[in-house]
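J.: Okay, here's the structure, questions in a sec.
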Amino acid sequence: MGAGVVRKDRGRGRRRRTQPMAEINVTPFVDVMLVLLIVFMVAAPMLTVGVPLELPRTAAQPVPSEQEEPLTVSITAEGPLVVMTTEVPEDELITRLQSVAQERQSQRIYLRAAGDLPYARVMQVMGALNAAGFHDIVLVTDSGGPRMDG
Numbered sequence: 367m368g369a370g371v372v373r374k375d376r377g378r379g380r381r382r383r384t385q386p387m388a389e390i391n392v393t394p395f396v397d398v399m400l401v402l403l404i405v406f407m408v409a410a411p412m413l414t415v416g417v418p419l420e421l422p423r424t425a426a427q428p429v430p431s432e433q434e435e436p437l438t439v440s441i442t443a444e445g446p447l448v449v450m451t452t453e454v455p456e457d458e459l460i461t462r463l464q465s466v467a468q469e470r471q472s473q474r475i476y477l478r479a480a481g482d483l484p485y486a487r488v489m490q491v492m493g494a495l496n497a498a499g500f501h502d503i504v505l506v507t508d509s510g511g512p513r514m515d516g
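Residue numbers (our numbering): 367 to 516.
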């Protein structure tokens, strides 16, 4: 696959010598790298949190990124709570988040809520996040909203 044997004849009566081939065949390496590139290009968009929400638009600045994967709680317009990509019953939210908090270095949690949800519903979930031990709660919005200059 990578090395072969080359025979050289140096006359009729002499013994034949074999020398190793000094070239490396990189074609299989390139093939594997191209396949991996395609796999990662297809898989990368699926790694983001996949709960479709119509987030409110604001003029807020983005939060600096973290080293570990951000912990995200989403509240959909229909009402179910989703931790990362798993739907969680409301009565189990605090216990699930407490077990997750013990495994994480960062105590930051991202809260995504549909823009048409009542304010009281968002505050109830924020209270549950606080009760679970998360005190650094980031509200996720879309950029491009109105600015309040005053």
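For glycine and all other residues, C-beta sits at the position ideal for the given N, C-alpha and C.
Using 9 Å as the threshold, is the C-beta distance between R487 and L437 below it?
T.: no
J.: What separation, rounded to the nearest whole angstrom, lies between the Cα atoms of V392 and G481?
T.: 53 Å
J.: Can you have a look at V506 and say buried or exposed, based on whether 16 or more other CB atoms are within 10 angstroms of its CB?
T.: buried
J.: Could you tell me the distance, in whole angstroms, from the CA atom of D502 to the CA atom of E389?
T.: 57 Å
J.: Would you mind working out which of S465, V454, R513, S509 sits nearest V491, comparing C-alpha positions?
T.: V454
J.: What does DSSP give as the partner residues of A410 in its beta bridges?
T.: For A410, no pairing in a beta bridge is given by DSSP.
J.: Can you list the beta strand (DSSP E) stretches of 3 or more residues lying completely in the region 465-507, in chain order?
T.: 474-479, 502-506
J.: Below 6 Å CB to CB, which residues in the same chain sit around A498 once its five sequence neighbours on both sides are set aside?
T.: I460, L463, Q464
J.: Pick helix, strand or coil for V454, following the three-state DSSP scheme.
T.: strand
J.: Tell me whether F500 is buried or exposed, calling it buried when 16 or more other Cβ atoms sit within 10 Å of its Cβ.
T.: buried
J.: For V405, is the classification buried or exposed, using 16 other Cβ atoms within 10 angstroms of its Cβ as the cut-off for buried?
T.: exposed
J.: Measure the C-alpha to C-alpha separation of V398 and V408 and round it to an integer number of angstroms.
T.: Counting only the Cα atoms, V408 lies some 16 Å from V398.
J.: Hey, how far is the Cα of T442 from the Cα of L400?
T.: The straight-line gap from Cα to Cα measures roughly 38 Å.
J.: So is L403 buried or exposed if we call it buried at 16+ other beta carbons inside 10 Å?
T.: Looking at its Cβ environment, which holds fewer than 16 other Cβ atoms inside 10 Å, L403 is exposed.
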